[in-house]
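Data block below; observations after.
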Amino acid sequence: MATPAPTSINYHKQSRELAIAFADGQCFRLSAEYLRVHSPSAEVRGHGLQMPILQYGKKNVAIHNIEGAGNYALKISFDDGHDTGLYTWEYLYNIGKNHDELWQMYLDRLEKEGQTRDTSVIQIHQL
């Protein structure tokens, strides 16, 4: 089944949330932090079948710029300098629909790896 097209896309600077509505009636509010830590870029997703690279300290990240990429995706630039990876309609729909599960998996992985969402409390691990 084809992913429905977005009918509206709005970024709310104050709450740092991207509101996206799809043609099937689904609406999602995705925080900049959530979008950043779930970036579809190779830098985050990894190459091949490896485990995605854990992003941490992104609690206060904001979206710096949003551009359309053809009729199928958004290119999102964040204020931490990250700007690679295209957020396709299918990808945005899937991470919106599975938000709660994906967010909990992210929080669990942060805890397991001794990291935090807060930028001021980056954990240093001694080798």
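When the letters of the sequence shown are read in order and numbered with the working numbering, they come out as residues 87 to 213.
The C-beta atom is built at its ideal place from N, Cα and C for all residues, glycine as well.
Pairing K144 with M137, the inter-Cα distance amounts to about 19 Å. Partner residues in the beta bridge of A107, as assigned by DSSP, are S94 and C113. The beta carbon of R115 is closer than 6 Å to those of E103 and A105 in its chain, skipping five residues each way along the sequence.
In this structure, the straight-line span from the alpha carbon of I139 to that of S94 is close to 31 Å. Taking every protein chain shown into account, the CB of E153 has fewer than 16 other CB atoms within 10 angstroms, so this residue is exposed.
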